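Protein chains in written order, with this note's numbering: chain A, 427 to 620; chain B, 772 to 1029.
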Amino acid sequence: MFRRRQPADADAFGAEVLRHLEPLFATALRLTRNRPDAEDLVQDTVVKALRFAHQFERGTNLRAWLSTILHNTWRNRLRDGGRDAATIDVDSARLEEIETADGSAATDTPEQLLLRNTLDADLRAALDELPDVFRQAVWLRDVEEFSYAEIARMVDVPIGTVMSRISRGRRMLLDHLRKARERDGAKMSMPSTA
Amino acid sequence: MSECQRVAESLAAYVDELLQPDERGRVDRHIAACPSCRRLADDERGGRRLLRHESSKLLAGPLPPGLRRRCEALTRVKDDSLAGLGRFGPWWRVRLVPVLLTAIAMIFTASAFLSLATRRSDAVLAAQLTADHSKCFRLFAPPNGASADAGGIERTLARQYGLNVHVPSSSVEDDIQLLGMRRCLYGDGLVPHLMYRVHGQEMSLFVLSGTERKPDDLVTLGHRSQIWSRNGTTFVLVSPAHGTGLTSAARYVMREAR
Chain A
427 MFRRRQPADA
437 DAFGAEVLRH
447 LEPLFATALR
457 LTRNRPDAED
467 LVQDTVVKAL
477 RFAHQFERGT
487 NLRAWLSTIL
497 HNTWRNRLRD
507 GGRDAATIDV
517 DSARLEEIET
527 ADGSAATDTP
537 EQLLLRNTLD
547 ADLRAALDEL
557 PDVFRQAVWL
567 RDVEEFSYAE
577 IARMVDVPIG
587 TVMSRISRGR
597 RMLLDHLRKA
607 RERDGAKMSM
617 PSTA
Chain B
772 MSECQRVAES
782 LAAYVDELLQ
792 PDERGRVDRH
802 IAACPSCRRL
812 ADDERGGRRL
822 LRHESSKLLA
832 GPLPPGLRRR
842 CEALTRVKDD
852 SLAGLGRFGP
862 WWRVRLVPVL
872 LTAIAMIFTA
882 SAFLSLATRR
892 SDAVLAAQLT
902 ADHSKCFRLF
912 APPNGASADA
922 GGIERTLARQ
932 YGLNVHVPSS
942 SVEDDIQLLG
952 MRRCLYGDGL
962 VPHLMYRVHG
972 QEMSLFVLSG
982 TERKPDDLVT
992 LGHRSQIWSR
1002 NGTTFVLVSP
1012 AHGTGLTSAA
1022 RYVMREAR
């Protein structure tokens, strides 16, 4: 199934890998939440991609393959550091609170949030506030637009779990943004539905 | 399972418009009659819309200085042997790097037999860390320019290794610049590798937690390794054996690393 990369292909493969550096770094930054670790993670990902280039199946999605390497590397680092990527940061009580909130205190619509000049920065902050597994899921689905199956392979969980994390992550993100707006004193009384 | 729970399981695909028509109709009918599920669907759709609206901005951030250059250098290394590295350096590196990389291979091959010896032998420890020193500077040396933040590295050490270590920062007086930190394989795990530049020469400080050794000072593979321990942590400072102007910087690092 895999074809060994021929020497003549090496430069072209390397160039293809380099074309994905920006999104890889953006993803690494959202995973690690600090620039030195993100930089380190991208370098390790490139080293592994080049080392195992012969395992890349031509005609398949190189970006997804690189992203899988990046997530595996990050998961291994967390494991080495005594953290478990599958369970960290998941605060059930907090989730329950979010899921059962009636929304009466925070009611901005996505459209109102989109009108904010600072949305880009707010969104990054709200993403960073999400527990790791939810941040990872919504990022891969809605920012990188990978399929459920691709995400399941990357993060090594069943597709049902991926879908559940995406759902919760999206709702938690909106909740964080509304609360941030409320903290800024810019709360508006508008219907909560889009 | 209640209908609400069944709908909750399909909500991501519903919002992504990936459900089959009959399944979609079932969810449509349920949320039309169930305010709480309708609210969940609306909120999920809202979060999705915000992310997708901003996705190009979120993915577009500039790369840190030097990252592309370092990755480009990696793509020029042929296959996964690192022998091609020599062509990027001066003539002595052309010869020295393959020798060092051979040393790495030999050390790793023999590591299963030498793990006990590594714990005991300063010479083996020095050889392995000297090889890592050379490999990291060849592959990952940050570009000339800004110094790394010692405080930030200390926080990373605490978070990733549980280490409470004072990291020697850049010092104009001692003409030493802190470039950054890497992780290197050692024994059964990873150890922090702090990278410095002194008068244009490369210097490394390795931090091995939970181990104590007697002070030692030895030359291996053309590099000097100074070993000392403090508060249950062993430090190994690797620098060129015949470097110039390194003494003051080495004293500074040995004084400040604690």
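No residue lacks a Cβ here, since even glycine has one placed at the ideal position from N, Cα and C.
For clarity, every value in this text was computed on a predicted model and none was experimentally measured.
Any C-beta of chain B under 7 Å from that of residue i
{"i": "A475 (chain A)", "result": "no"}
{"i": "A606 (chain A)", "result": "no"}
{"i": "I592 (chain A)", "result": "yes"}
{"i": "V583 (chain A)", "result": "no"}
{"i": "D558 (chain A)", "result": "no"}
{"i": "L496 (chain A)", "result": "no"}
{"i": "D546 (chain A)", "result": "yes"}
{"i": "R561 (chain A)", "result": "no"}
{"i": "R579 (chain A)", "result": "no"}
{"i": "R609 (chain A)", "result": "no"}
Three-way DSSP call (helix, strand, coil) for residue i in this model
{"i": "T1005 (chain B)", "result": "strand"}
{"i": "E570 (chain A)", "result": "coil"}
{"i": "T982 (chain B)", "result": "coil"}
{"i": "D946 (chain B)", "result": "coil"}
{"i": "L989 (chain B)", "result": "strand"}
{"i": "Q791 (chain B)", "result": "coil"}
{"i": "G796 (chain B)", "result": "helix"}
{"i": "P449 (chain A)", "result": "helix"}
{"i": "V588 (chain A)", "result": "helix"}
{"i": "E483 (chain A)", "result": "coil"}
{"i": "T494 (chain A)", "result": "helix"}
{"i": "T1015 (chain B)", "result": "coil"}
{"i": "R1029 (chain B)", "result": "coil"}
{"i": "D601 (chain A)", "result": "helix"}
{"i": "P939 (chain B)", "result": "coil"}
{"i": "V895 (chain B)", "result": "helix"}
{"i": "A917 (chain B)", "result": "coil"}
{"i": "N634 (chain A)", "result": "This structure gives no information on residue 634 (chain A), because the portion of chain A shown stretches from 427 to 620."}
{"i": "F478 (chain A)", "result": "coil"}
{"i": "R579 (chain A)", "result": "helix"}
{"i": "G440 (chain A)", "result": "helix"}
{"i": "A511 (chain A)", "result": "Because A511 (chain A) carries a pLDDT of 42, less than 50, the predicted location of this residue cannot be relied on, and the following value inherits that uncertainty. Residue state, collapsed to three classes: coil."}
{"i": "L549 (chain A)", "result": "helix"}
{"i": "C805 (chain B)", "result": "coil"}
{"i": "L830 (chain B)", "result": "helix"}
{"i": "G818 (chain B)", "result": "helix"}
{"i": "S593 (chain A)", "result": "helix"}
{"i": "R501 (chain A)", "result": "helix"}
{"i": "L467 (chain A)", "result": "helix"}
Beta-bridge pairing of residue i - partner residues as DSSP gives them
{"i": "F977 (chain B)", "result": "B:H964, B:V1007"}
{"i": "M952 (chain B)", "result": "B:L965"}
{"i": "Q997 (chain B)", "result": "B:D988, B:L1008"}
{"i": "Q972 (chain B)", "result": "B:V969"}
7 Å Cβ cutoff met for residue i and residue j
{"i": "L455 (chain A)", "j": "V468 (chain A)", "result": "no"}
{"i": "V978 (chain B)", "j": "S996 (chain B)", "result": "no"}
{"i": "G440 (chain A)", "j": "T901 (chain B)", "result": "no"}
{"i": "L1031 (chain B)", "j": "S941 (chain B)", "result": "Any answer about residue 1031 (chain B) is impossible in this case: the structure gives chain B only from 772 up to 1029."}
{"i": "P939 (chain B)", "j": "V1024 (chain B)", "result": "yes"}
{"i": "L755 (chain B)", "j": "E465 (chain A)", "result": "Only positions 772 to 1029 of chain B appear in this structure, which leaves residue 755 (chain B) out of reach."}
{"i": "M966 (chain B)", "j": "S975 (chain B)", "result": "yes"}
{"i": "A898 (chain B)", "j": "L989 (chain B)", "result": "no"}
{"i": "L603 (chain A)", "j": "A552 (chain A)", "result": "yes"}
{"i": "T453 (chain A)", "j": "T499 (chain A)", "result": "no"}
{"i": "E815 (chain B)", "j": "V786 (chain B)", "result": "yes"}
Minimum Cβ-Cβ distance from residue i to chain A less than 7 Å
{"i": "D851 (chain B)", "result": "Interpretation of D851 (chain B) is limited by its pLDDT of 42, a score under 50 that renders its predicted location unreliable; the figure taken from the coordinates is listed afterwards. Answer yes: the Cβ-Cβ gap between D851 (chain B) and chain A drops below 7 Å somewhere."}
{"i": "D799 (chain B)", "result": "no"}
{"i": "A902 (chain B)", "result": "no"}
{"i": "E973 (chain B)", "result": "no"}
{"i": "P806 (chain B)", "result": "no"}
{"i": "P836 (chain B)", "result": "no"}
{"i": "A783 (chain B)", "result": "yes"}
{"i": "C842 (chain B)", "result": "yes"}
{"i": "E815 (chain B)", "result": "yes"}
{"i": "T982 (chain B)", "result": "no"}
{"i": "L790 (chain B)", "result": "no"}
{"i": "L845 (chain B)", "result": "yes"}
Anything in the segment 818-833 of chain B with a Cβ closer than 7 Å to a Cβ of chain A? List those residues in chain order, please. Residues passing the 7 Å Cβ filter: G818, R819, R820, L821, L822, R823, H824, E825, S826, K828, L829, L830, A831, G832.
Any residues in the segment 442-472 of chain A with a beta carbon nearer than 9 Å to a beta carbon of chain B? Which ones, in chain order? Cβ contacts with chain B: V443, L444, L447, E448, P449, F451, A452, T453, L455, R456, N460, R461, P462, D463, A464, E465, D466, V468, Q469, D470, V472.
Using a Cβ-Cβ cut-off of less than 7 Å, give me the residues of the segment 999-1029 of chain B that come near chain A, in sequence order. Those would be none; no residue qualifies.
Can you list, in chain order, the residues of the segment 563-574 of chain A whose Cβ is nearer than 7 Å to any Cβ on chain B? Answer in chain order: V564, D568, V569.
Looking at chain B, which residues of the segment 481-505 of chain A have a Cβ within less than 7 Å of any of its Cβ atoms? Against chain B - using a Cβ distance shorter than 7 Å - the segment 481-505 of chain A contributes no residues.
Just by C-beta distance, which residues in the segment 920-939 of chain B are closer than 8 Å to chain A? Residues passing the 8 Å Cβ filter: G923, I924, T927, R930, Q931, Y932, G933.
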